[in-house]
Amino acid sequence: MISNEISFTTSFDCDDNFKPPNCLEKVCIEHDDDINGHYTCEKNGVITCRVGWTDPSKKCLVSTLQPFSKVGCYHDFGPILGKRPFPIFVNYRSLIDWNNKKVSFENITMKCSSYAKENGFEYFGIEFWGECWTGATPNINYARDGESTLCWPTPDENLGPMLVGQDSTIMVYKRNKLRS
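In the working numbering, the protein residues as written are 58 to 237.
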């Protein structure tokens, strides 16, 4: 007996002119961490934020429960034409306990957030381990020198979210509008 077998696979390309029913507009991989986001994926690739998180366009990194959300880690190469990425500086470096860095940096981040809130500022950042930088939104340009990977802790240290910038690096946050 002779057996004939034909095997084939198909794939669907998505474009503006042809979208078959099995076409995925985008690939989505679920996450629940402060680096990649807090979301699940629907069958069509659409991101759905997990409880307590919002803004799918930003990978659901905006907390509805915390006073601030991480924007990102950026370089700061110092003054350019007399301006820094943020105009206002408050030094909290004296509060660092180098034997308990994680708690120290969490406290410094909260203090800087409170300072920004008390002065009506939306954005703030922690640079050089304990320098709080903030200012009015029209006067800031935190992305001026590009993104960085030198904030601490790095994702591979498994110590939670990035908290502070190291030397010439700033971890930027945005204050959330919390619901009462």
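A virtual CB, placed ideally from N, CA and C, is assigned to each residue, including glycine.
> Rounded to whole angstroms, how far is the Cβ of residue 122 from the Cβ of residue 109, which I believe are closer than 8 Å?
Replying inline: Position 65 of the sequence shown, counted from the start, is the residue given in the question as residue 122. Position 52 of the sequence shown, counted from the start, is the residue given in the question as residue 109. At roughly 5 Å, the Cβ-Cβ gap stays under 8 Å, so residue 122 and residue 109 are in contact.
>> Using a 10 Å radius around the Cβ and a threshold of 16 neighbouring Cβ atoms, would you call residue 99 buried or exposed?
In response: As a first step, residue 99 must be located in the sequence shown, where it is residue number 42. That one is exposed.
> Excluding sequence positions up to five away, which residues of its chain have a Cβ less than 6 Å from the Cβ of residue 150?
Replying inline: As a first step, residue 150 is located in the sequence shown; it is residue number 93 there, counting from the start. Closer than 6 Å at Cβ, skipping near neighbours: 187.
>> Which residue marks the beginning of the alpha helix (DSSP H) containing residue 225, and which one marks its end?
In response: Position 168 of the sequence shown holds residue 225. For residue 225, there is no enclosing alpha helix (DSSP H), as DSSP marks it with neither H nor E.
>> For residue 224 and residue 184, what's the separation of their Cα atoms in angstroms?
In response: Residue 224 sits at position 167 when you count from the first residue of the sequence shown. Residue 184 sits at position 127 when you count from the first residue of the sequence shown. Each residue's alpha carbon lies about 7 Å from the other.
>> Less than 8 Å between C-beta atoms, sequence neighbours within five positions excluded: which residues of the same chain meet that for residue 202?
In response: Residue 202 sits at position 145 when you count from the first residue of the sequence shown. Cβ within range, chain order: 131, 132, 133, 134 and 142.
> Once you ignore the five residues that flank residue 221 on each side, which residues in its own chain have a CB closer than 6 Å to its CB?
Replying inline: By 1-based counting over the sequence shown, the position of residue 221 is 164. Correct list, in chain order: 162, 183, 186, 209 and 228.
> DSSP beta-bridge partners for residue 131?
Replying inline: Within the sequence shown, numbered from 1, the residue matching residue 131 stands at position 74. Partner(s): 204 and 227.
> Mind checking whether residue 127 and residue 199 have CB atoms under 7 Å apart?
Replying inline: Your numbering for residue 127 matches position 70 in the sequence shown. Your numbering for residue 199 matches position 142 in the sequence shown. Cβ atoms of residue 127 and residue 199: not closer than 7 Å.
> The alpha helix (DSSP H) spanning residue 175 covers which residue range?
Replying inline: Reading the sequence shown from its first residue, position 118 is the one you call residue 175. Its alpha helix (DSSP H) spans residues 158 to 175.
> From residue 234 to residue 124, what distance separates their C-alpha atoms?
Replying inline: Your numbering for residue 234 matches position 177 in the sequence shown. Your numbering for residue 124 matches position 67 in the sequence shown. Computed Cα separation, rounded: 7 Å.
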